[in-house]
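Heads up: the sequence shown runs through residues 125 to 444, numbered per my numbering.
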Amino acid sequence: MAEKFDRINTMMRYMNNRQTFTLRELADEFHVSKRTALRDVQTIESLGMPLEAQVGNGGGYSVMRNQLLPAVQFTTDELKSLFLAFQATANQQLPYLQDRQRLLEKLLAIASQAQQDDLLLLKQLILFENTNPANPNLLELSDFATPMLRTLLELSLQYQQLDFSYTDNQQHATVRTILVLNFYFQNSHWYLAAYDYTRQAKRNFRVDRITEPVINWQRSMPKQAELQSLKHTSPSAPNLRLQLQSTAIQRFKRMHAPQFQLEYIDPFQNVAKFETSINLTNPQEISFISDWLLFLGDEVKPIEVPNIIRANIQQKMQRW
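In structure tokens form, the structure reads like this:
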């Protein structure tokens, strides 16, 4: 009975998050038969959720908008997982986060006294990489993202074609027309990965160097297949190729740029190959890649490494 109650509760939220759905979709999502899915729909209707049936080949159900769902209730384990997930993001410059302590207090407020005691003890027992072990409550200034990140996200939620001014490393400002691909966090900075129409290539822009962003309504959005192709296309042919063994693979998982991907070449995932394109005209990128290769350790076999990166690594090692 408890299992059915949980399924009904989750199904109501599934329905409310979608404009339309079918019995087949419900059956597949919740691993039940279509007959059971139909009985669940009838139960949900009897609980007061206003569902509207749509007849025909493309038929199904839809939820009448502007309806309220029951208050969210969490189990003890769900509350602990939310609390720990929130703790794990400390000092990670989350967008939209303006007052971490206030959100934390709201999360604690929905817990019982016993649950609160457990959550506060968990906070002391579990340390993450970004936690200060001497003072787990300490937040760095880097906990808060640049305000431009939220501005860009809000614009991108409306439309993903943007114009903005960008200042590069040499303090040269240029106007760019871009297609937003995604945002990612790396080396304490947020970046915007985009297709740059000005350069006719994929580019990464540091968010805090962007000013005066506006939506470019004149450009039409590409089709989904083209958009996915742009997201996964390397800006140029790979010039860095590596083979990684188990220790290097584990270090790769701990730290790598979001666009970096491994390709495993054995069934036990103990050996992998990696390739990417490095901008050899960008000193900061060369320095970052050199530091990263040293971080990966001894279980990296270089297959192809540009001479300028080899020289940079040797220069760094001479300091020791």
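Ideal placement from N, C-alpha and C gives every residue a C-beta, glycine not left out.
| query | What span of residues does the alpha helix (DSSP H) with D152 cover, start to end? | reply | 147-154
| What residue from F392, S170, I250, M173 has the CA that sits closest to A209's CA? | I250
| said: Can you tell me where the alpha helix (DSSP H) holding Q408 begins and where it ends? | reply: 407-420
| Proximity winner among N394, N140, D422, P382, relative to N306 (alpha-carbon distances) | P382
| request: Closer than 6 Å by C-beta to A219: which residues in its own chain qualify, once you throw out the five before and the five after it? Chain order, please. | output: Here residue 219 turns out to be Pro, not Ala, going by the sequence shown. Correct list, in chain order: A269, L273, R274, L277.
| task | Let me know if V299 comes out buried or exposed under the rule of 16 or more other beta-carbons within 10 Å of its beta-carbon. | result | exposed
| field | Same chain, Cβ closer than 8 Å to T371, neighbours up to 5 away in sequence not counted | value | G421, D422, E423
| T213 vs D242 beta-carbon contact at 9 Å | no
| task | Identify the continuous beta strand (DSSP E) that holds P426 and give its terminal residues. | result | 424-428
| said: In the DSSP output, which residue or residues are listed as bridge partners for W314? | reply: F309
| request: Put R333 into one of helix, strand or coil per three-state DSSP. | output: helix
| field | Nearest residue (CA-CA) to T167, options R131, E229, E336 | value | R131
| field | L368, DSSP secondary structure in three states | value | strand
| task | Pull up the DSSP beta-bridge partners for F376, would you. | result | For F376, which the question treats as bridged, DSSP gives no partner whatsoever.
| task | Report yes or no: do three or more beta-carbon pairs, one from the region 277-290 and one from the region 339-348, lie closer than 8 Å? | result | yes
| CB contact flag (E387, K377, <9 Å) | no
| message | Please identify the residue among I437, F207, L246 whose C-alpha is closest to the C-alpha of E229. | response | F207
| For the putative contact between S414 and I437, defined by C-beta atoms under 8 Å, what is the C-beta separation to the nearest angstrom? | 5 Å
| query | Would you call M173 buried or exposed, if buried means 16 or more other Cβ atoms sit within 10 Å of its Cβ? | reply | buried
| request: For Y290, write down the residues that DSSP places opposite it in a beta bridge. | output: T298, I334
| field | Sequence-distant residues of its chain with Cβ nearer than 6 Å to Y308 (five each side left out) | value | Y315, P382
| Distance between R375 and R327 (C-alpha atoms, nearest Å) | 26 Å
| DSSP beta-bridge partners of D320 | I302, A325
| Helix or strand or just coil, what does DSSP make of F392? | coil
| task | Identify whether T199 lies in helix, strand or coil by the three-state DSSP scheme. | result | coil
| request: Compute the Euclidean distance between the alpha carbons of W416 and H380, then round it to the nearest angstrom. | output: 8 Å
| message | Residues in the same chain with beta-carbon distance under 6 Å from A161, minus the five sequence neighbours each way, listed in chain order, please. | response | L147, L150, A151
| query | Is the CB-CB distance between L354 and L281 below 9 Å? | reply | no
| request: List the DSSP bridge partners of V165. | output: For V165, which the question treats as bridged, DSSP gives no partner whatsoever.
| query | When DSSP builds the beta bridges, which residues end up paired with A269? | reply | Answer is none; A269 lacks a bridge partner.
| said: With H, G and I counted as helix, E and B as strand and the rest as coil, what does DSSP make of S186? | reply: strand
| field | I427, buried or exposed, once every other Cβ within 10 Å from all chains shown has been counted against 16 | value | exposed
| task | Taking L368 as the reference, give the member of M345, Q393, T301 with the closest Cα. | result | Q393
| said: Check for me: the beta strand (DSSP E) holding Q178 runs from which residue to which? | reply: 175-178
| task | From the DSSP output, in three-state form, read off I234 for me. | result | coil
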